[in-house]
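First comes the structure, then the notes that go with it.
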Amino acid sequence: MQEAAFYDIHCHLLNLSHPAFVSIIESMRHRPREVIYSQIASFDYLASSLLKRGGEKLRNLLAVMDNDCADILFLLEDDLSGQFKEPKGTPSFMKPPPLRNGALHVADQQFSSFVLTPLIMDFLAPSSFSPQTYYNRPPQKWIEAQIIDVLFAICTYREKRPSGFLRVYPFLGINTGHYTAEELSSFLDQWFNDYTKNEDDIEKRFFSFSYDGNTAPQSYGIFSGIKLYPPLGFDPWPEDQAEREKVELLYSFAETKGIPITTHCDDQGYRIISLEESLKFTAPSRYKPVLQKYPRLTLNFAHMGKRHIRTIGGKEQADWRKEIFDFIIEYPNVYTDFSFTAGEPSFYEELDSTLGRLKKPEKEKIIKRILFGSDFMVNLFKVRSYRDYLEYFSESILSTELKRLFCSDNPQRFLFGADAE
Numbered sequence: 002m003q004e005a006a007f008y009d010i011h012c013h014l015l016n017l018s019h020p021a022f023v024s025i026i027e028s029m030r031h032r033p034r035e036v037i038y039s040q041i042a043s044f045d046y047l048a049s050s051l052l053k054r055g056g057e058k059l060r061n062l063l064a065v066m067d068n069d070c071a072d073i074l075f076l077l078e079d080d081l082s083g084q085f086k087e088p089k090g091t092p093s094f095m096k097p098p099p100l101r102n103g104a105l106h107v108a109d110q111q112f113s114s115f116v117l118t119p120l121i122m123d124f125l126a127p128s129s130f131s132p133q134t135y136y137n138r139p140p141q142k143w144i145e146a147q148i149i150d151v152l153f154a155i156c157t158y159r160e161k162r163p164s165g166f167l168r169v170y171p172f173l174g175i176n177t178g179h180y181t182a183e184e185l186s187s188f189l190d191q192w193f194n195d196y197t198k199n200e201d202d203i204e205k206r207f208f209s210f211s212y213d214g215n216t217a218p219q220s221y222g223i224f225s226g227i228k229l230y231p232p233l234g235f236d237p238w239p240e241d242q243a244e245r246e247k248v249e250l251l252y253s254f255a256e257t258k259g260i261p262i263t264t265h266c267d268d269q270g271y272r273i274i275s276l277e278e279s280l281k282f283t284a285p286s287r288y289k290p291v292l293q294k295y296p297r298l299t300l301n302f303a304h305m306g307k308r309h310i311r312t313i314g315g316k317e318q319a320d321w322r323k324e325i326f327d328f329i330i331e332y333p334n335v336y337t338d339f340s341f342t343a344g345e346p347s348f349y350e351e352l353d354s355t356l357g358r359l360k361k362p363e364k365e366k367i368i369k370r371i372l373f374g375s376d377f378m379v380n381l382f383k384v385r386s387y388r389d390y391l392e393y394f395s396e397s398i399l400s401t402e403l404k405r406l407f408c409s410d411n412p413q414r415f416l417f418g419a420d421a422e
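Under the numbering used here, the first residue of the sequence shown is numbered 2, with each subsequent residue one higher.
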């Protein structure tokens, strides 16, 4: 059957101009103990990316990010069709290229298209530390520049590959702390005025809009969701009343229109605030009052709440995955993706075991809210290629039914559908 699409609900179209590297470097420079702690907790991918095979993982990541956004789309599609070969001395692929004969072959199933939802990140927030350099002015990472890069990439991809296999429906990064309430309301109206949950309409927009530098890009109505990122300073439920008003405006707007939100949810990431503050803002429990007030909000907790840091100061850390599963059981539109976390085959054995221990009513809810995500290209800290990441999923211990739910049925509902129950 070729009627269904495969979805990657969590990926990126980042090039080297987008992240605020000075901010992250200054944050690391002034918090060396936190950096060491994080490196030890995540040695398998953070430190190893610098130390193994001459920093091969980092060089591989930069080989992707050094492209413009359109070329990243070409690279990804070419990888799936087998145009990149394994370097000498590295493992061979187990299966033929997944993209062949006009279909994507995953887990003994065929898919007629590949939907990507690249998450645009709001990197505007500067580090709280000033660089002790001659040029000490923080770079201004205006999100509009990243938006234009992504929209131009979509148009370039469609122009150069009119029969291309990819469909690209981006999410817009928002940090409410960067706006007044009036500015935030205007920003939301600007980019989501023409928002639709109709899948056919979104696909038509993808194929029909053309980039014109003289046209206001918000008129394209191309965004399919919102991205939140607490380690960059976003607080999901601030104590300050003025800040609270802004997040409530955001949640009310998204719930009313049915706009899906993806929020970062593991204890690592691109962090410019203290580890303590980042963990506080990132924890699923921070969203408890949000969901109590906006119970029909469509909210995806990314990375399945992965905890790399098990203890801090001898204190056992909360099980974020359990907290997410509890939300899924209670609220109809809470989801979780396993982006980045599934960068090694053992993850799927762990997930299968976890699902097997659930009571039947709980399991039936949870398996309908799990989403395939890659975190490409950030996942190259952990895995060699997109094709490898996809092959881990395709060849995993999970049943064919679960694979179909995670990569097609569930993400389609997350983006376009009604409540899961």
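Where is the CB? At the ideal position from N, CA and C, for every residue including glycine.
Practice item. Take the Cβ of GLU4 as the centre, count every other Cβ of all protein chains shown within 10 Å, and call the residue buried at 16 or more, exposed below. Key: Exposed is the call here.
Point to revise | Exposure label - THR91; buried when at least 16 CB within 10 Å | key: Counting of Cβ neighbours within 10 angstroms places THR91 among the exposed residues, the total staying below 16.
Exercise for review: Could you pull out every residue in the same chain whose Cβ sits closer than 6 Å to the Cβ of LYS247, ignoring the five residues on either side in sequence?
Suggested key: Cβ contact annotation for LYS247 (same chain, cutoff 6 Å, sequence separation greater than five): THR177, ALA182, LEU185, in chain order.
Point to revise | Contact belief for ILE73 with ASP123 at Cβ below 8 Å, rounded distance in angstroms | key: Here ILE73 is actually not in contact with ASP123; their C-beta atoms are around 19 Å apart, not less than 8 Å.
Exercise for review: Provide the residue span of the alpha helix (DSSP H) that contains ASP327, from first to last.
Suggested key: Taken as a continuous stretch (DSSP letters only), the alpha helix (DSSP H) holding ASP327 covers 321–331.
Check your understanding: Starting from ARG168 and walking both ways along the alpha helix (DSSP H), at which residues does that stretch end?
Key -> In the DSSP assignment, ARG168 falls outside any alpha helix (DSSP H) and lies within the beta strand (DSSP E) extending over 167–169.
Point to revise | Sub-8 Å separation of PHE115 and PHE7 beta-carbons | key: Their beta carbons are under 8 Å apart, which means PHE115 touches PHE7 by this criterion.
Exercise for review: Take PHE282 and list the residues in its own chain whose beta-carbon comes closer than 7 Å to its own, dropping the five residues that flank it on each side.
Suggested key: Answer for PHE282: PRO231, PHE235, ASP236, PRO237, listed in chain order.
Review point. Going by DSSP, which residues form a beta bridge with GLN111?
Key: As a beta-bridge residue in DSSP terms, GLN111 pairs with HIS106.
Practice item. Check the DSSP bridge columns for CYS6 and list the partner residues they point to. Key: The sequence given here places Ala at residue 6; Cys does not occur at that position. ALA6 is bridged to SER114.
Check your understanding: At a Cβ threshold of 8 Å, is GLU317 touching chain C?
Key -> The question asks about chain C, but that chain is absent: this structure has only one protein chain.
Practice item. Out of PRO132, LYS364, HIS309, PHE188, point me to the one whose CA is closest to GLU1's CA. Key: Coverage of the chain is limited to positions 2 through 422, which leaves residue 1 absent and any answer about it impossible.
Review point. Measuring CB to CB, does ILE155 end up less than 8 Å from PHE207?
Key: Their beta carbons are under 8 Å apart, which means ILE155 touches PHE207 by this criterion.
Practice item. Pick helix, strand or coil for CYS12, following the three-state DSSP scheme. Key: Collapsing the DSSP output to three states places CYS12 in a strand.
Practice item. Output yes or no for whether 8 Å exceeds the beta carbon distance between ASN16 and MET95. Key: Taking a C-beta distance under 8 Å as the contact criterion, ASN16 and MET95 do not qualify as a contact pair.
**Study point:** Separation of THR257 from ALA421, as counted between CA atoms
**Key:** Here ALA421 scores only 48 on pLDDT, less than 50, and its place in the model should not be relied on; the value that follows carries that caveat. Their backbone Cα atoms lie some 17 Å apart in a straight line.
**Study point:** Inter-residue spacing [alpha-carbon to alpha-carbon] between ASP389 and LEU117
**Key:** If you take the alpha carbons of ASP389 and LEU117, they lie about 17 Å apart.
Review point. Leaving out five residues before and five after SER18 in sequence, what residues of the same chain have Cβ atoms less than 6 Å from its Cβ?
Key: Nothing listed; no residue qualifies.
**Study point:** Rounded C-alpha distance that separates LYS161 from ASP80
**Key:** Each residue's alpha carbon lies about 17 Å from the other.
Exercise for review: Determine the direct distance from the alpha carbon of GLU402 to that of GLU78, and round the result to whole angstroms.
Suggested key: GLU78 and GLU402: Cα-Cα distance of roughly 25 Å.
Practice item. Report the partner residues of VAL335 according to the DSSP bridge assignment. Key: Residue pairing by DSSP puts VAL335 in a beta bridge opposite LEU300.
Check your understanding: Roughly how many angstroms separate the alpha carbons of GLU324 and VAL23, rounded to a whole number?
Key -> When rounded, the distance between both Cα atoms is 34 Å.
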